[in-house]
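Comments concern the structure below.
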Amino acid sequence: LTEGKESLWALNCAAAESRLADVELILETVLVDLLAYFVEQISSNPMDEDSVSHGYIVATALVPLMTSYAAGAASTIETNLGSFGKRSVDVLTDGKDVVFGALETFVTARGIDCNLLTRNVCVSVDDGVDDSSSGSENIVDNDVDFNVTNDGTSSPLLSGAYTPVSNVDDFIKLTEFLSAIEESATVEEGQSFYTKSEGSLSLKTVLPGRHKTHERTNPILNIYMYGLWTSEDGENENIGLSSKVFDNKELELFWDTIVSDELGKDSGYNALLTAETIRVVIMWISVTSYLYESIYDCREGSQPTTTHPVDAAAALWFGNHISSDISDGASLFAWAKRSE
Numbered sequence: 026l027t028e029g030k031e032s033l034w035a036l037n038c039a040a041a042e043s044r045l046a047d048v049e050l051i052l053e054t055v056l057v058d059l060l061a062y063f064v065e066q067i068s069s070n071p072m073d074e075d076s077v078s079h080g081y082i083v084a085t086a087l088v089p090l091m092t093s094y095a096a097g098a099a100s101t102i103e104t105n106l107g108s109f110g111k112r113s114v115d116v117l118t119d120g121k122d123v124v125f126g127a128l129e130t131f132v133t134a135r136g137i138d139c140n141l142l143t144r145n146v147c148v149s150v151d152d153g154v155d156d157s158s159s160g161s162e163n164i165v166d167n168d169v170d171f172n173v174t175n176d177g178t179s180s181p182l183l184s185g186a187y188t189p190v191s192n193v194d195d196f197i198k199l200t201e202f203l204s205a206i207e208e209s210a211t212v213e214e215g216q217s218f219y220t221k222s223e224g225s226l227s228l229k230t231v232l233p234g235r236h237k238t239h240e241r242t243n244p245i246l247n248i249y250m251y252g253l254w255t256s257e258d259g260e261n262e263n264i265g266l267s268s269k270v271f272d273n274k275e276l277e278l279f280w281d282t283i284v285s286d287e288l289g290k291d292s293g294y295n296a297l298l299t300a301e302t303i304r305v306v307i308m309w310i311s312v313t314s315y316l317y318e319s320i321y322d323c324r325e326g327s328q329p330t331t332t333h334p335v336d337a338a339a340a341l342w343f344g345n346h347i348s349s350d351i352s353d354g355a356s357l358f359a360w361a362k363r364s365e
């Protein structure tokens, strides 16, 4: 993130885009690793309702991305773990090995590095541990002069792992709202934190706040929308009359559709699963969207005058997390670390 931001300030857009591609691939790697983790848990104990539910949520996030690279593998994941609105009571009907095989197909098609996965998804994975790629020793030097004066600059994130050059306190606050949802006792309380605003942001609006820009600039967002539109819940009849509809609602607001369905599902409110849904459907995609926005600005030859998009992405990822050694908490960083 820091190296990419340096390139942006120098208007070296090609170098920044290369770093973004690295980050994007790592974000997708996290989804694969988390799904593989829950598949292992379910395989060991098919009655583990929490793992079944978490596996379903991560599959819901991953299937639309897989469809563009490996449609058959995506279908296997959907059959065994479900996707939006199709969670099956009988999970892993084809077995763990078949599901891992589908994940490996996607990993190969997408060019994901098997050595970054903590689960043995790839048959030929190198099990050796590279200490240089983990832990606090791998934190990038952030002593960079960006020639920006901002008296309201936020404090360094994750105990200095990333230093913002703008104020992203509102973005960081969203992590606290997510923690509050995890601890909420009722659907009304959870809903209130989902819509609660900090400045101009809320969990419900952090993505659509710049949605039209992100639609033009973020291929991940468009791949995701296409995957949902072509699903059984999308309106995609091949007769030239299709609407941009998903689950009978506007496709461009798919995140709110998914979260609202989770909040109001017939089986009752589950605070942890609601927070997990927000993490994978809103926060994760928002990180990619703000990173792509930074590339768009660079291509246009402009610099951000208020919140730097890379700072926003970092704030959404690290949130209020303070230690790289702790996996507890509501941040995306902690969420990814729990699969290790």
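Just so you know, we're using my numbering here: the sequence shown kicks off at 26 and counts up by one.
For glycine and all other residues, C-beta sits at the position ideal for the given N, C-alpha and C.
For S68, the uninterrupted alpha helix (DSSP H) segment begins and ends at 38-69. The C-beta of R363 has fewer than 16 other C-beta atoms within 10 Å across all chains shown, which makes the residue exposed. Every alpha helix (DSSP H) stretch that sits fully inside the stretch 276-336 and reaches 4 residues is listed by chain position as 279-288, 296-303, 309-324. Contact check between the stretch 340-351 and the stretch 302-317: three or more CB pairs, one atom from each, fall below 8 Å, which counts as touching.
I283 is a Cβ neighbour of T302, given a cutoff of 8 Å.
Relative to the Cα of D194, the nearest Cα in the group L33, T299, H346, S78 belongs to H346. M72 and S191 have their C-alpha atoms some 47 Å from each other. In this structure the stretch 35-48 does not lie against the stretch 128-145, because fewer than three pairs of beta carbons, one per stretch, are closer than 8 Å.
Considering only D258, L226, E260, S285, the residue with the shortest C-alpha distance to T332 is L226. Per DSSP, reduced to three states, the secondary structure at L182 is strand.
In the three-state scheme derived from DSSP, where H, G and I count as helix and E and B as strand, G215 is classed as helix.
A direct Cα-Cα distance of roughly 20 Å separates I67 from T299. The Cβ-Cβ distance between K229 and D286 does not fall below 8 Å. Residue environment analysis places K269 among the exposed positions, since fewer than 16 neighbouring C-beta atoms fall within 10 angstroms of its C-beta.
Here V231 is near I307, since their CB atoms are less than 8 Å apart. As the crow flies, the alpha-carbon of F271 is around 14 Å from that of I248. Nearest C-alpha to W360 among T104, L59, A96, N105: L59.
The C-alpha of S179 lies about 6 Å from the C-alpha of P189.
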